[in-house]
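Chemist: Structure provided below as structure tokens; questions to follow.
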Amino acid sequence: MPGTELFGSEERKEILDVVDNGVLFRYGHDAQRNGIWKTREFEEEVKKITGAKYAHAVSNGSAAIAIALAASGIGAGDEVIVPPFTFIASIEAVLFLGAIPIFAEIDETLCLSAEGIRKAATPKTKAVCLVHMCGGMADMDAIMQACKELDLILVEDAGQAFASFYKGKATGLFGKAGSYSFDFFKIATAGEGGIFVTDDEAVYKIADAYSDHGHNHEGNNRGMEQHPVLGFNYRISELHAAVALAQTRKVPQIREANRKNKQMLTEILAETEGVSFARIADPEGDSATFLNFFLPDTETAKRTVAELNKAGIGGFNYWYTNMYHFINQWDHLKNMQTAAKLPVEILGCPQDYKTLDLPKSQEVVGRLISFGIRCTWTEEEVRMLGVGISNCVKLAMGVPAVG
Ligand SMILES: Cc1ncc(COP(=O)(O)O)c(C=O)c1O
């Protein structure tokens, strides 16, 4: 959790600015706020890092992806291709808009593959909700080509991939709209927070209004006369935006440290028999929040997780450790355990989630081991961790470990 590692005077200063003038609301109150607009500043900082034309901060990353989908025109009855490996928020966002998630295969990028999208699409499929996992990115040239061929709207959940780029372009900006999360576990955190991005002015205007009950915000105030769309309350508070602002300014520094530490760990583990790495579609663009590697089979991965636990080293497998990121843990989805009936139950779904077979995704996630990268590690700590992980893999593979 790199963002949380660097909490300090910068976050304190931004929060105190807000507390001192007492305006916790992001809109209006111009006279009292002494020129303090933290949400606006946070949005500008995100635009600077990502190159997005428009950014709109909201309460969390789940809200941001729901807004991205809605502002892109996804709604009741629309079929949306989703990955089986993501935080459940991406699927919930589709479901709670009344749309129908259609699962497709991921590949060694840990993201949806173009081939998976082509196989899963039906004549009724309207969009793809692509999720860039673990700080990396999907194979964007191939994904864009598949979306173009199939005439699908692309929306990107880059909740885990703020400050990751593919061929110089930020994840989240390839499709109609995208989202990032600033929750407690991300490269930069506000405790809770999220942001919507797009290069399309019309989509931005809808998102801006939709996230605040349909109010238009001309001049950053809250126009009461015009309501371009119905919406809901997904607003962020100035306090959260203040923390997000301080954290976002640290992202280039965090990213650089992460990349250095990940590189060192990768070099150590590359020497270990049986280890191969998740594919980064553009290694230069990796935000390096996670090291993801594969073992030859799921049984070896399972044994490695057991050895890592025994050694107190950490690391996890999204299949065997209940991280709630893979479809095999989503019984509530399979059984439609919801507070109230969802359109998918009324309209039907071309897939039966209970019996759905996704062998490639099972194989990829089953063999995967992930480690969160810390930006404050010393070289010695990285070296010790690398040797420790390597030894656990060797024990799991039945190869003698070294000290
Ligand atoms: C891919 C992805 N999308 C969305 C979210 C939801 O973000 P938040 O926790 O800010 O609502 C997460 C959170 O982990 C995530 O990993």
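Under this note's numbering, the letters of the sequence shown match residues 409 to 811, in that order.
Where a beta carbon is used, it is the ideal one built from N, C-alpha and C, also for glycine.
Between the Cα of residue 413 and the Cα atoms of 686, 666, 693, 749, which residue gives the shortest distance?
Modeler: Closest by alpha carbon: 666.
Chemist: With DSSP run on the structure shown, which of helix, strand or coil describes residue 699?
Modeler: DSSP places residue 699 in strand when its eight states are reduced to three.
Chemist: Considering residue 497, what are the terminal residues of the beta strand (DSSP E) in which it resides?
Modeler: No beta strand (DSSP E) contains residue 497, which is instead part of the alpha helix (DSSP H) from 497-504.
Chemist: DSSP three-state label for residue 658, please.
Modeler: Of the three classes helix, strand and coil, the one that applies to residue 658 here is coil, per DSSP.
Chemist: Find the nearest neighbour of residue 572 within the set 560, 584, 558, 594, judged by alpha-carbon distance.
Modeler: The residue with the shortest Cα to Cα distance from residue 572 is 594.
Chemist: Identify, in the order they occur along the chain, each residue of the same chain with its Cβ nearer than 6 angstroms to the Cβ of residue 495, setting aside the five sequence neighbours on each side.
Modeler: Here the set comprises 733.
Chemist: Roughly how far, in whole angstroms, is the beta-carbon of residue 624 from the beta-carbon of residue 617, given that I think they are within contact range, below 8 angstroms?
Modeler: Contact flag correct, Cβ pair sits at about 6 angstroms.
Chemist: Helix, strand or coil: which one does DSSP assign to residue 721?
Modeler: It is coil, neither helix nor strand.
Chemist: Quick one: is residue 730 buried, meaning 16 or more other Cβ sit within 10 Å of its Cβ, or exposed?
Modeler: So residue 730 ends up on the exposed side.
Chemist: Express the C-alpha separation of residue 508 and residue 788 in angstroms, rounding to a whole number.
Modeler: Between residue 788 and residue 508, the C-alpha separation is close to 49 angstroms.
Chemist: Per DSSP, what kind of secondary structure is residue 606 in: helix, strand or coil?
Modeler: Strand at residue 606.
Chemist: Between the region 673-684 and the region 789-803, do three or more beta carbon pairs fall short of 8 angstroms?
Modeler: These segments touch.
Chemist: Indicate whether residue 656 and residue 566 have their beta-carbon atoms separated by less than 7 angstroms.
Modeler: Going by C-beta atoms, residue 656 is not nearer than 7 angstroms to residue 566.
Chemist: So what does DSSP say about residue 464, is it helix, strand or coil?
Modeler: The answer is strand: DSSP assigns residue 464 an E or B state.
Chemist: Looking at the strands, I want to know which residues DSSP matches up with residue 529.
Modeler: According to DSSP, residue 529 bridges with nothing at all.
Chemist: Looking at C-alpha atoms only, which residue of 433, 455, 435 is the closest neighbour of residue 659?
Modeler: Closest option to residue 659, Cα to Cα, is 455.
Chemist: Does the Cβ of residue 539 lie closer than 6 angstroms to at least one heavy atom of ligand 1?
Modeler: Indeed, a heavy atom of ligand 1 lies less than 6 angstroms from the Cβ.
Chemist: Of all the options 629, 805, 585, which has the alpha carbon lying nearest to the alpha carbon of residue 436?
Modeler: Closest by alpha carbon: 629.
Chemist: Compare the beta carbon distance of residue 598 and residue 422 with 7 angstroms and say whether it is the shorter of the two.
Modeler: For residue 598 and residue 422, no; Cβs fall outside 7 angstroms.
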